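Notes to accompany the following structure.
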Amino acid sequence: MKTLIIENIDPKKIGELMTVSRLFCDIPDIIALGEGQIPGLFGKAWQTDKTVAANLVSSVTAIIKQENYDVILMSVSTLGTGLAGPLSVALSAPVVTEVTFVHPDMVIERPVYGGKAIIKQKLESTPAILTIRRKYFETAKLEGTTESVLLDSIEQKVKLVAEKHEQTEGIPLEDADVIVSGGRGIGVSDNFTMLQHMADQFNGAVGASRGAVDEGWASPTKQIGQTGKIVAPSVYFAVGISGASQHLAGIANSKCVVAINKDEDANIFNRARFGIVCDYKKIVPVLTQAIMEDR
Amino acid sequence: MHIAVLAKVVPDYEVPSMDFELSNNRAHERFSRMLGLYDENAIETGIQLKGKTSSSLTIISYGLESDIQFLRKGVAMGADKLVLVKGTSDDAGIIAQNLKQAIDNLEDVDLILAGQQSADMDRGVVPGILAQMLGTAFIPQVGYIDYKNGDWTVSQMTATGQRELEFQGPGVLSITSIPENVPRIPAVRAIFAAKKKPVIKLNGIEQGKMPLQEISVEIPKIESVCEFIDAQDPNEAVKSLLTRLSEERYI
Ligand SMILES: Cc1cc2nc3c(=O)[nH]c(=O)nc-3n(C[C@H](O)[C@H](O)[C@H](O)COP(=O)(O)OP(=O)(O)OC[C@H]3O[C@@H](n4cnc5c(N)ncnc54)[C@H](O)[C@@H]3O)c2cc1C
Ligand SMILES: Nc1ncnc2c1ncn2[C@@H]1O[C@H](COP(=O)(O)O)[C@@H](O)[C@H]1O
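Sequence lines, in order, name chains V and S. Each number in our numbering corresponds to the 1-based position in the first sequence with 973 added. Each number in our numbering corresponds to the 1-based position in the second sequence with 25 added.
Structure, rendered in structure tokens:
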């Protein structure tokens, strides 16, 4: 099946989509956004440094029609989400977002009800548009690079005025082997520093639940879950997090979850491998100290 | 100026996984119903914009007539009226067609706000479909919104930070959560007043179904194997935890 990947130039995201594409074809084509070389070997490649989804809809639609693609793959991101719905109307195509598994015969799996259930749907026509949830497919190793032609005729419906990337010290959440996440149970903003100290000892990263982000204790870029980052560390410490299914949706592929919560009935203990029922303020400093001494 | 907010009533999204149950491939009817969480963020954003731009605010929903009682919470938060398109479909194409019908019916909508994701279907796709049907721009994951001299300036929350984007309306924005749009709790007086606000009911249409066939909906098995570590003595607890983590080769 003729497959097109649409993605920012990011080897990890492109690598995951490459893995998915192999379920449909040998070598996919790509529309790559951003500057730099396109990593990996593709059939045809188009590129532009324009990255606002709303401005790309008509030029991308034209290419998909011209080349007769069967499957269009994007990851769940502001780009993928920004394009998926509009493309589906422009192409009269079925769209399935947040895909976590692909079965034969165009049957696609995705979570519903905050990950409490899984729906299977069959795509009944092509082209079909899929956005893929991060960390559910292996990152394919991308050999070489592909020369591209310019993607042109881009509209200017929406103007990009400024872009800010947050400075993150240390390891990004998505790559961290140990994550220490705080929730609303942390109680005050300052105590996130306590979690940072603990994460530092493990050479890990700090994450947060939506509860903590809503309180303004952690930046939205730190949110983990269905609508935040999807992570897959070896150890995930959930501190003062109740374990809502939408939070758990972001840590499904973590190897070991350690829950520290003062409520023994908290749902997080149903997902945790190890649980400590306690006020986190009594445990986290002791744990941090112990690892420090152990080094 | 007229702002519309799209809001969906969904089964209680806080039900823990262990208690979740299906009937006819959907959440069991026994679960209570409520406004979607991100839809409440969108309503809150709409109300703040209404204040800043002296706009009127309409909540639009496609769903069951019996859900009007839950939509009234949104009205009580500060909307002026409610439009309900009656229907039962979960198909994103059909939902968008029906929401479009409501918007066409209102005629003068300048900006449309939606939630980032519905709290049952979790897909974040309806607003983008609707925008393309209306021929307007769609911007997902918007936090802050400002209006100056005919231009909308919005901040899009990305995985790595923020983007400031500018466009001329109308447009469809899906709203994410930020500390500034945590939904307000309506005052008792507002709840009573909301009961008197107008509700326009429209009959739904069955057009626009996506070429997607539903095969199954299943609840994944959850294996609970939590090993509780005694926390009486924090030093001992930490020691046991670290020992167990290294025995099992997690660290
Ligand atoms: C469509 C949708 C998408 C969503 N996406 C996400 C998402 O991506 N990420 C996400 O996190 N949420 C998401 N949510 C929200 C989710 O449903 C929950 O509301 C949220 O995860 C709750 O955050 P919390 O666990 O920090 O807060 P709470 O549920 O308030 O839990 C706080 C916990 O802290 C414990 N606690 C309190 N004090 C202490 C103490 N001193 N020591 C130890 N423990 C203590 C309490 O016992 C409690 O269990 C989403 C919801 C919807 C509807
Ligand atoms: N039935 C509906 N009625 C009103 N708004 C809806 C409906 N379904 C979806 N929406 C809007 O579209 C957003 C995304 O929905 P979804 O694509 O189902 O995740 C929701 O947060 C709502 O704002």
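Glycine residues also receive a C-beta, built at the ideal position from the N, C-alpha and C atoms. Since the model is a prediction, treat every value here as computed from it, not as a measurement.
Take Asn1041 (chain V), set aside five residues on each side of it, and the residues of its chain with a beta-carbon closer than 7 Å to its own are Lys975, in chain order. Chain V places a beta carbon closer than 7 Å to that of Leu190 (chain S), counting this residue as a contact.
Taken through DSSP and simplified to helix, strand or coil, Asp1238 (chain V) comes out as coil. Under the three-state reduction of DSSP output, His53 (chain S) falls in the coil class, being neither helix nor strand.
Of the candidates S:Arg97, S:Asp64, S:Val30 and S:Glu39, S:Val30 places its Cα closest to the Cα of Lys75 (chain S).
Rounded to whole angstroms, the Cβ separation of Lys222 (chain S) and Leu107 (chain S) is 7 Å, and the two are in contact under 8 Å. Closer than 8 Å at the C-beta level to chain V, one finds these residues of the region 232-248 of chain S: Met235, Pro236, Leu237, Gln238, Glu239, Ile240, Ser241, Val242, Glu243, Ile244, Pro245 and Ile247. Proximity to Leu131 (chain S) across S:Val110, S:Ile164 and S:His53 peaks at S:Val110, based on C-alpha coordinates. Secondary structure in the region 1033-1058 of chain V: the beta strand (DSSP E) runs of 3 residues or longer, each lying completely within the stretch, are 1044-1048 in chain order. The residues Val110, Leu227 and Ile230, in chain order, have a CB closer than 7 Å to that of Gln126 (chain S) in the same chain once the five nearest residues on each side in sequence are set aside. Between the alpha carbons of Gln1262 (chain V) and Ser265 (chain S) lies a gap of roughly 14 Å.
Note on Pro1084 (chain V): 16 or more other CB atoms within 10 angstroms of its CB, so buried under the neighbour-count rule. Residues of chain V with a Cβ closer than 7 Å to the Cβ of Val263 (chain S) are, in chain order, Ile1256, Val1259, Leu1260 and Ala1263. Taking 7 Å as the cut-off between beta carbons, the residues of the region 1130-1141 of chain V near chain S are Lys1130, Val1131, Lys1132, Leu1133, Val1134, Ala1135, Glu1136, Lys1137, His1138 and Glu1139, in sequence order.
Closer than 6 Å to some heavy atom of ligand 2: that describes the Cβ of Gln142 (chain S). In the three-state scheme derived from DSSP, where H, G and I count as helix and E and B as strand, Phe997 (chain V) is classed as coil. For Val150 (chain S), the chain V residues whose C-beta falls within less than 7 Å of its own C-beta are Ala1057, Gly1058, Val1068 and Thr1070, listed in chain order. Taking every protein chain shown into account, the CB of Val250 (chain S) has fewer than 16 other CB atoms within 10 angstroms, so this residue is exposed. The closest heavy atom of ligand 1 lies 6 Å or more from the beta carbon of Ile120 (chain S). About 7 Å separates the beta carbons of Glu989 (chain V) and Ile1105 (chain V), which is inside the 8 Å limit, making them a contact pair. With respect to the C-alpha of Leu977 (chain V), the residue from V:Ile1000, V:Val1250 and V:Ala1090 having the closest C-alpha is V:Ile1000. Within the region 1105-1191 of chain V, the runs of alpha helix (DSSP H) that reach at least 4 residues and sit entirely inside it are, in chain order, 1165-1174 and 1183-1187. Chain-order list of chain S residues neighbouring Ser1207 (chain V): Tyr275 and Ile276, by C-beta distance under 8 Å. Each residue's CA atom was taken as its position, placing Glu1071 (chain V) and Ile210 (chain S) some 31 Å apart. By the Cβ neighbour-count rule, Val1161 (chain V) is exposed, with fewer than 16 other Cβ atoms within 10 Å of its own. Taking 7 Å as the upper bound on Cβ-Cβ separation, chain S lies near residues Pro1084, Val1085, Tyr1086, Gly1087, Lys1089, Ala1090, Ile1091, Ile1092, Lys1093, Gln1094, Lys1095, Leu1096, Glu1097 and Ser1098 of the region 1083-1106 of chain V.
Note that the C-beta distance between Ile28 (chain S) and Gly71 (chain S) is below 7 Å. Proximity annotation: ligand 1 has residues V:Gly1156, V:Arg1157, V:Gly1158, V:Ser1182, V:Arg1183, V:Gly1184, V:Gly1198, V:Gln1199, V:Thr1200, V:Gly1201, V:Gly1213, V:Ile1214, V:Ser1215, V:Ala1217, V:Gln1219, V:His1220, V:Asn1234, V:Lys1235, V:Asp1236, V:Ala1239, V:Asp1252, V:Tyr1253, S:Tyr38, S:Leu62, S:Gln142 and S:Ala144 in chain order, each selected because its CB is closer than 5 Å to a heavy atom of the ligand. The continuous stretches of alpha helix (DSSP H) do not include Arg188 (chain S), which lies in the beta strand (DSSP E) extending over residues Gly186 to Phe192.
Between the region 158-165 of chain S and the region 41-54 of chain S, the count of C-beta pairs closer than 8 Å stays below three; the two stretches do not touch. The count of Cβ pairs closer than 8 Å, one atom from the region 1202-1213 of chain V and one from the region 1225-1244 of chain V, reaches three, so the stretches are in contact.
At a beta-carbon threshold of 8 Å, none of the residues of chain S lie near Ser1182 (chain V); the nearest stands roughly 11 Å away.
Here Ala1222 (chain V) really is in contact with Gly1088 (chain V); their C-beta atoms are around 4 Å apart, less than 8 Å. Membership of Phe217 (chain S) in any beta strand (DSSP E) is not indicated; the residue belongs instead to the alpha helix (DSSP H) covering Val213 to Ala219. Close CB contacts of Ser143 (chain S) within its chain, under the 6 Å cut and outside five residues either way in sequence, are with Lys33 and Gly61 (chain order).
By a beta-carbon distance limit of 8 Å, Leu237 (chain S) contacts Leu1096 (chain V). Their separation comes to about 6 Å.
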